[in-house]
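Here the structure comes first, spelled out in structure tokens, and everything after it is commentary.
Protein chains in written order, with UniProt numbering: chain E, 1 to 334; chain F, 1 to 398; chain H, 1 to 350.
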């Protein structure tokens with residue numbers, strides 16, 4: 001039983017990360033009907049911006065010392081005598097990293113938003129009015145452009161970035177059995193959850209959210225109703241890129257940072273399709289299911305099987321529900 | 001009119017001949033040509049970008065010292081993106097570009113792909129970045145060799161070291177790739193022979209592995225030692241970091257591609273000192289340990305001369321390229337000395353004849369290449385404080 | 001999107017080539033292909049062979065994506081099926097006649113195509129693309145397994161047999177080239193011919209509007225399945241030739257990367273046109289090589305300069321794809337058409 005709970009928790013933590021990545025793909029699709037194959041690479045750029053602002057910039061000459069390592073009196077007092085890998089030491093390390101983590105997040109969100117605006121304006125807008133297939137293909141072309149640019153700007157070296165939360169194991173008992181979680185995963189989970197719920201609320205209750213939904217429903221009618229559709233497109237890309245920046249920071253802190261980070265985005269495509277391209281809720285459920293199944297497969301059968309879990313699941317779900325778990329069936333006219 | 005035309009044609013022919021002539025002369029082996037494919041893009045770009053300059057440096061050093069047999073050498077590197085098919089195209093193009101005296105392959109996949117076609121006038125002496133066990137096979141792969149122990153040998157060295165130190169339980173953690181799986185069946189055999197118990201065999205994804213689940217399984221199995229195989233830059237630092245944060249006492253051990261100081265240093269600088277105590281097998285002496293390594297001193301002096309800011313460290317992945325090329329150069333020299341034509345067969349015969357050769361630094365003991373590999377290596381231990389890998393075993397031969 | 005071709009007589013509709021330029025152009029192309037090995041080196045022949053194999057596969061993708069309007073990102077799997085079928089057949093019968101293995105590979109791949117096509121009635125558009133993509137991953141997964149290794153070589157890949165024609169082994173690139181090119185030509189012509197038949201027109205009808213097609217009496221299920229099978233058969237043939245052409249095959253040769261490349265080739269060339277796959281493949285396969293030659297020429301093989309050059313090469317390659325989509329959305333074929341239009345109407349057009 002303890003085992004089941006343990007792997008269930010692991011799966012949920014991973015699922016949250018899938019959801020955070022998937023949310024960008026869904027938000028782009030909802031308003032523009034384009035599935036971005038390059039989303040993983042946009043995330044990679046977010047991760048590299050985070051690296052630039054959280055690692056390179058604080059180390060620069062002109063930055064005050066406290067940005068790189070913030071050590072107020074009380075922190076030193078708190079840290080006093082903490083063993084190397086104890087929770088106390090982990091929290092202290094995190095607090096002293098806090099300024100650069102914040103700087104990194106802000107920087108990466110801003111830069112990634114700019115990148116998204118650029119991509120939308122330069123590459124996607126000229127394709128407006130063409131079949132969505134060519135727009136999708138355009139995002140495929142973007143993969144090479146982004147990967148090449150990243151390795152040109154930051155070189156292909158592997159880098160490490162500070163985690164968003166302190167990293168220590170949390171042990172607790174459920175049903176008389178010992179399970180554990182990494183605190184940084186919990187932080188990641190909470191961030192993903194907040195972003196996800198926030199985005200859903202924005203879509204449901206704000207004016208721009210209604211505009212996005214209207215555009216998703218019918219572009220020309222939305223135009224006729226006075227909605228600035230191109231602005232909606234830009235917004236969608238910016239939303240995707242900013243959530244992607246955070247996802248990138250999390251991914252890089254978990255897996256290390258290199259231009260290949262972008263490949264992760266491709267397996268998330270399966271998650272998105274399983275949930276239904278235009279349903280945030282469906283995608284969230286799909287992320288959790290795939291995360292949990294992966295963890296259980298890893299436990300019972302090992303990594304080689306875990307790798308194809310998303311694909312097997314998506315295939316089964318699509319055969320059963322051709323538009324994903326909660327996706328809307330497209331209405332076709334003859 | 002006809003006269004004029006004839007003269008015109010003559011002049012044209014003469015011109016053509018003049019322009020072609022240098023090409024023919026060039027084909028007369030003015031330089032020793034070595035081709036190479038490296039992953040400058042793609043998943044292993046980190047490695048490729050660090051190795052590529054080393055090839056150029058080696059060439060310049062050799063040419064500064066007068067070349068090989070009086071002729072300079074030349075290396076032409078291409079990007080493969082770590083796709084074997086691309087590397088094969090690079091190889092064919094290098095072959096089409098004139099006589100080719102050596103080739104530096106970029107992956108096990110490429111070596112497997114090109115292996116069967118190395119016959120007749122397509123045969124070229126071929127070194128690579130790979131230590132895959134199947135490549136050290138003089139009968140089946142007569143033109144390919146490796147400048148070090150195969151992955152099987154490396155894992156065997158680790159297991160012998162563990163057994164020597166009284167270890168009892170081992171976990172094998174490897175990536176789901178050919179690279180990761182290569183030594184595993186051999187490791188099982190050796191464990192049985194040495195009386196080591198394998199308490200966990202864990203397959204991970206090659207990138208973006210589910211660290212939490214791996215640590216969970218590792219904690220349950222609680223092995224004394226865990227051997228990591230099949231990783232270059234990713235997964236292993238994260239896995240060790242998580243295991244340390246969790247408080248696992250397991251001793252982690254790696255093989256050649258997971259033993260690079262640059263990667264370990266970066267992890268230490270940017271994430272924390274959790275790689276402290278990490279061990280692994282390295283076939284070569286690290287570059288900073290140049291006291292007993294005259295060749296390293298020469299390279300160091302040359303690099304310092306080129307660039308006064310040279311920090312005095314060359315990555316182990318580049319050292320692999322150096323020793324590969326040194327073996328090639330040695331084979332060339334032996335063949336030239338024996339006054340035989342430079343063909344792949346003669347080169348390989350010379351190489352197989354290399355016996356008790358002092359590598360002047362790379363290896364602790366003299367080496368021989370009769371088996372197309374060098375079964376030697378040492379176990380090193382990383383210290384996060386000094387940021388050095390220091391040897392904790394003698395040179396172990398397999 | 002292409003909506004149809006304007007024709008004024010049945011004869012025009014049934015003709016294989018609709019003008020003299022195309023007919024003689026074809027003859028010229030055949031002559032060029034025949035004499036190419038006389039003055040090409042091994043490298044050029046390697047590329048030529050590879051391109052010919054890709055052309056076959058992309059033509060297959062064209063049948064499904066370009067003519068039937070079904071999206072697939074899983075054609076790498078059929079490629080793999082063809083290649084491994086060929087290798088496995090040779091394990092049981094050593095010197096099998098290559099055309100027989102080719103046929104068997106085609107049939108087996110078509111069978112897999114049937115299987116892949118089963119969901120195509122319910123599942124559409126991107127969902128179908130991802131369903132096929134998933135199937136691609138799953139098939140490769142089985143090929144990689146250790147228990148399959150005796151037949152497929154597992155992760156390590158497997159050495160492939162050489163084609164034997166009447167005791168003559170095809171070893172050199174030239175021989176392999178002459179083996180592949182006729183098959184490639186035949187299969188491209190077959191595709192061209194296919195769309196002059198009722199069957200082909202039915203597929204186009206499905207592409208343009210599947211519900212209307214059904215009302216016109218076209219059985220959607222039967223035709224979609226057949227389209228999948230034909231398309232898979234082409235890729236199976238390509239896979240089989242691939243196995244003969246390269247000295248070894250590895251599972252990762254047939255990964256998502258290949259599937260995407262096939263579709264990119266098709267889009268770049270022009271969907272729903274016979275010459276589309278040819279032009280697209282030429283462009284997509286030759287650009288990286290050209291860029292490599294340029295970078296090799298600019299850096300002189302110097303490893304230090306190559307670090308930046310390979311990244312730039314990636315960027316340029318991506319940009320070319322994007323620029324094509326923006327400025328030439330109907331593919332290279334539309335440039336070709338414009339050219340011939342200008343020639344035909346000269347001097348009344350520019």
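Note that the Cβ used here is the ideal one computed from N, Cα and C, for glycine as well.
Check	Outcome
Within 8 Å of any Cβ in chain H, is that where the Cβ of residue 112 of chain F sits?	yes
What does the alpha-carbon distance come out to for the pair residue 25 of chain F and residue 349 of chain F?	Because residue 25 of chain F sits at a pLDDT of 41, beneath the cut-off of 50, its placement in the model cannot be relied upon, and the following sentence gives the value as read from the coordinates. Their Cα atoms are separated by approximately 28 Å.
So which residues on chain F does residue 159 of chain H lean against when the C-beta distance must stay under 7 Å?	116
Is residue 314 of chain E closer than 8 Å to residue 138 of chain H when the C-beta atoms are compared?	no
So what does DSSP say about residue 60 of chain H, is it helix, strand or coil?	helix
Following the continuous alpha helix (DSSP H) through residue 127 of chain F, name the residue where it begins and the one where it ends.	Careful: residue 127 of chain F lies outside any alpha helix (DSSP H), inside the beta strand (DSSP E) at 126-128.
Using a threshold of 8 Å, state whether the C-beta atoms of residue 56 of chain E and residue 39 of chain E are closer than that.	no
Keeping to the same chain, check which residues put their C-beta closer than 6 Å to that of residue 51 of chain E; ignore five residues upstream and five downstream.	159, 161 and 257
For the beta strand (DSSP E) that residue 173 of chain E lies in, which residues bound it at each end?	169-174
Under 8 Å between C-beta atoms, does residue 52 of chain F make it to chain H?	yes
At least one CB of chain H closer than 8 Å to the CB of residue 285 of chain F: is that the case?	no
Does the beta carbon of residue 85 of chain F sit closer than 8 Å to a beta carbon anywhere in chain H?	yes
DSSP on residue 390 of chain F, reduced to helix/strand/coil?	strand
From this set, F:359, F:146, F:229 and F:183, which residue's C-alpha is nearest residue 103 of chain F's C-alpha?	F:146
List, in chain order, every chain F residue whose beta-carbon is nearer than 7 Å to that of residue 298 of chain E.	210 and 213
Can you check whether the CB of residue 100 of chain F is closer than 8 Å to the CB of residue 141 of chain F?	no
What would DSSP say about residue 250 of chain F, mapped onto helix, strand or coil?	coil
Among residues of its own chain, excluding the 5 on either side of residue 309 of chain H, which ones have a beta-carbon nearer than 6 Å to its beta-carbon?	295 and 299
Does residue 301 of chain E come within less than 8 Å of chain H when only Cβ atoms are used?	no
Do you know offhand how far residue 163 of chain H's Cα is from residue 41 of chain H's?	21 Å
For residue 310 of chain H, which residues in chain F fall below 7 Å Cβ to Cβ?	40, 41 and 79
Please go through the region 135-193 of chain H and give each complete alpha helix (DSSP H) segment of 4 or more residues, from N-terminal end onward.	149-152
Would residue 206 of chain E be called buried (16 or more neighbouring beta carbons within 10 Å of its own) or exposed?	exposed
If I follow the unbroken alpha helix (DSSP H) through residue 105 of chain F, where does it start and stop?	No alpha helix (DSSP H) contains residue 105 of chain F, which is instead part of the beta strand (DSSP E) from 102-105.
Buried or exposed, going by whether 16 or more other CB atoms sit within 10 Å of the CB of residue 279 of chain E?	buried
What are the boundary residues of the beta strand (DSSP E) that residue 146 of chain F is part of?	Residue 146 of chain F -> no beta strand (DSSP E), and no H or E assigned at all.
Can you grab the Cα-Cα spacing for the pair residue 206 of chain H / residue 323 of chain E, in whole Å?	20 Å
Report the residues of the region 247-266 of chain E with a CB closer than 9 Å to any CB of chain F, ordered along the chain.	251, 253, 254, 255, 256, 258, 259, 260, 261, 263 and 264
Where does residue 8 of chain H land, buried or exposed, given buried means 16+ other C-beta within 10 angstroms?	exposed
Please say whether residue 31 of chain E and residue 233 of chain E have beta carbons closer to each other than 8 Å?	yes
Quick one: is residue 36 of chain F near chain E, going by C-beta distance under 8 Å?	no
Assess, as a yes-or-no matter, whether the region 71-91 of chain E is touched by the region 103-110 of chain E under the definition of 3 or more beta carbon pairs within less than 8 Å.	no
Can you list the beta strand (DSSP E) stretches of 3 or more residues lying completely in the region 158-228 of chain E, in chain order?	169-174 and 177-182
By Cβ distance below 6 Å, which residues in the same chain neighbour residue 299 of chain E in space, the five residues on each side in sequence not counted?	7
Kindly indicate if chain H contains any beta-carbon less than 8 Å away from that of residue 45 of chain E.	no
Under 9 Å Cβ-Cβ, which residues of chain F neighbour residue 151 of chain E?	40, 41, 45 and 49
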